[in-house]
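**Q** All residue numbers for the sequence shown refer to our numbering, where the first residue is 4 and numbers rise by one.
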Amino acid sequence: MQLDPKILMTIKDLPLLAKTVIDGFMTGYNKSSIKGPGLEFSQYRSYQPGDDLRWLDWRMYARSDRYYIRESETETSISVRFLVDASASMNHEDSNGIKKIDYARMLAASLAYLANLHGDAVGLYVFENGGLFSLASKPDPKHLQRLFYQLSVLEPQGKFTQAVHYKELFSGQAKKELLVFITDMYQEQNEIYSLLDSLAALRHEVIVFQLMGQNELDMDFRGYAALEDLETGQTIQIDAQKTKTEYKEKLDTYLAGIRMNLLGKRIQHKILSTTRPLDEALRNFLTERNKGY
């Protein structure tokens with residue numbers, strides 16, 4: 004089963020949407036032979052007849068009313084902090100009607116739901132209009148509902164926050180943490196790189212999901228004679244057909260540069276098109292992660 008983002012957008016209840024995505028993800032993940040290291044909460048799969056009942060996780064059953072098998076004897080509960088870019092560029096809309104911020108909220112909600120099932124503490128940090136909203140990490144279900152609410156009311160505006168104001172991000176717990184940054188990597192003066200330098204110095208694991216519209220990836224802006232920068236308001240005239248080859252070459256160079264920069268910081272980087280089914284995106288990401296890509 005593939006969960007088209009456009010169909011998911013018809014589900015107005017964010018907790019239900021997250022549960023729908025993770026149920027679809029776990030069903031597909033069960034068919035995989037992947038085990039062992041990965042995202043800590045990836046070490047569970049749906050119960051199948053014949054599985055050893057000793058490895059049933061009753062805590063996850065109590066939370067989700069579904070049976071899951073623990074594939075590791077090691078307790079792996081951690082703090083997972085979700086960092087969401089809510090600057091104006093995240094209002095970019097793909098040809099399917101999905102904005103980057105829509106995909107970001109669905110992705111963050113789904114991963115937070117999965118982490119909470121596992122007993123991990125989850126927190127939310129939103130970079131919005133020159134400021135930072137903070138919701139510290141906690142493991143309880145009521146806290147998850149607060150996180151869902153904050154995601155549901157996100158309204159991108161302004162420019163990306165300057166890194167000097169991020170004190171809340173550097174006051175995390177001493178134990179192991181996972182930082183999941185969801186952004187389009189739009190920056191004017193390397194402010195996102197500066198933030199990631201600081202996060203990498205914390206020695207926690209950092210994952211960057213870079214969201215892009217498929218129309219950005221394909222230079223598919225048919226019917227438009229000009230493009231507007233959502234953060235600066237500047238516009239440029241375009242001839243999409245004439246400039247497509249040059250655009251693709253520059254885009255490939257740009258994305259390769261981001262990947263190499265983050266690789267140098269030991270940060271995982273994953274590009275996601277906002278047209279990609281969410282359960283498929285999560286499954287493929289974890290597959291690559293377990294193979295060490």
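Just so you know, even glycine gets a beta-carbon here, dropped at the ideal spot from N, CA and C.
Hey, how far is the Cα of M188 from the Cα of L114?
**A** The alpha-carbon atoms of M188 and L114 are separated by roughly 20 Å.
**Q** Determine the contact status of A89 and I104, defining contact as a CB-CB distance below 8 Å.
**A** Contact: yes.
**Q** If I measure Cβ to Cβ from K273 and keep anything under 6 Å in the same chain, skipping five residues before and after, which residues do I get?
**A** For K273, where only same-chain residues beyond five positions count, the Cβ hits under 6 Å are F212 and F288.
**Q** Roughly how many whole angstroms lie between the Cα atoms of D282 and N119?
**A** One C-alpha to the other measures close to 17 Å.
**Q** Give the DSSP-derived three-state secondary structure of M188 in the structure shown.
**A** Coil at M188, not helix or strand.
**Q** Quick check: what's the CA-CA separation for N218 versus S276?
**A** Cα-Cα distance, rounded: 9 Å.
**Q** Alpha carbon to alpha carbon, how far is D200 from R206? Give it in angstroms, no decimals.
**A** Roughly 11 Å between the two C-alpha positions.
**Q** Looking at the secondary structure, which residues open and close the alpha helix (DSSP H) in which F151 lies?
**A** Looking at the DSSP string, the run of the alpha helix (DSSP H) that includes F151 is P144 to S155.
**Q** Once you ignore the five residues that flank E131 on each side, which residues in its own chain have a CB closer than 6 Å to its CB?
**A** Contacts found: A89.
**Q** Closest by CA to K9, which one among P280, L150 and L110?
**A** Nearest option by C-alpha distance: P280.
**Q** What number of angstroms, rounded off, separates the C-alpha of I37 from the C-alpha of L181?
**A** The predicted position of I37 is uncertain, since its pLDDT is 39 and thus under 50; a value taken from the coordinates is nonetheless stated next. When rounded, the distance between both Cα atoms is 20 Å.
**Q** Where do the ends of the beta strand (DSSP E) carrying S98 lie?
**A** No beta strand (DSSP E) contains S98, which DSSP labels as neither H nor E.
**Q** Note down the Cα distance separating Y128 from R84, rounded to an integer number of angstroms.
**A** Taking the straight line joining both Cα atoms gives about 7 Å.
**Q** Provide the residue(s) that pair with M29 in DSSP beta bridges, ordered along the chain.
**A** DSSP, once it has assigned bridges, lists no residue as partnering M29.
**Q** Express the C-alpha separation of P52 and A259 in angstroms, rounding to a whole number.
**A** The alpha-carbon atoms of A259 and P52 are separated by roughly 45 Å.
**Q** Determine the extent of the beta strand (DSSP E) in which D221 is found, giving its start and end residues.
**A** No beta strand (DSSP E) contains D221, which is instead part of the alpha helix (DSSP H) from Q217 to D221.
**Q** Based on DSSP bridge pairs, tell me the residues matched to A89.
**A** Per DSSP, none; premise fails for A89.
**Q** Do I185 and L86 have their CB atoms nearer than 8 Å?
**A** Cβ distance < 8 Å, so I185 and L86 count as in contact.
**Q** Based on the DSSP secondary-structure assignment, which residues constitute the bridge partners of H272?
**A** Paired residues: V211.
**Q** Roughly how many angstroms separate the alpha carbons of A91 and I210, rounded to a whole number?
**A** Their Cα atoms are separated by approximately 22 Å.
**Q** Do you know offhand how far R149's Cα is from M29's?
**A** Approximately 24 Å between the Cα atoms of the pair.
**Q** Are I25 and Y152 closer than 8 Å when you measure CB to CB?
**A** Not in contact: I25 and Y152 (Cβ atoms no closer than 8 Å).
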